[in-house]
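Q: Dumping the structure here so I can ask a few things about it.
In my numbering, the protein residues as written are 11 to 103.
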């Protein structure tokens, strides 16, 4: 079980990034969350089996068809035992 925290930059808001991310994570059995950030980036956490989490990180480098991903920052974190994947509201600035 691994956990990756990613920040995705580029044209990633208003392109169904969060919902497509949620659908892909659920299809792979990956837990975590995704949300928009006030600066236009998208933040996500992927938690689950190493290979499946790696697939989600790889997906984040492309995003949905209408996205234009410029940069993906990835940090390793300790798993928290999440059991679902959800779209969270953006944090308050």
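Cβ coordinates follow ideal geometry from the N, Cα and C atoms, glycine included.
Is the number of C-beta pairs between the stretch 31-50 and the stretch 75-88 that are closer than 8 Å three or more?
A: These segments do not touch.
Q: Could you have a look at residue 100 and say whether DSSP puts it in helix, strand or coil?
A: Here residue 100 sits in coil by DSSP.
Q: Quick check on the DSSP output: the beta strand (DSSP E) that includes residue 54 runs from which residue to which?
A: 52-58 is the span of the beta strand (DSSP E), which, as asked, contains residue 54.
Q: By Cβ distance, which residues of its chain are closer than 8 Å to residue 63, with the 5 residues on each side in sequence left out?
A: Cβ within range, chain order: 12, 13, 14, 40, 56 and 57.
Q: Using the Cβ count rule (16 or more neighbours within 10 Å means buried), how would you classify residue 54?
A: Buried.
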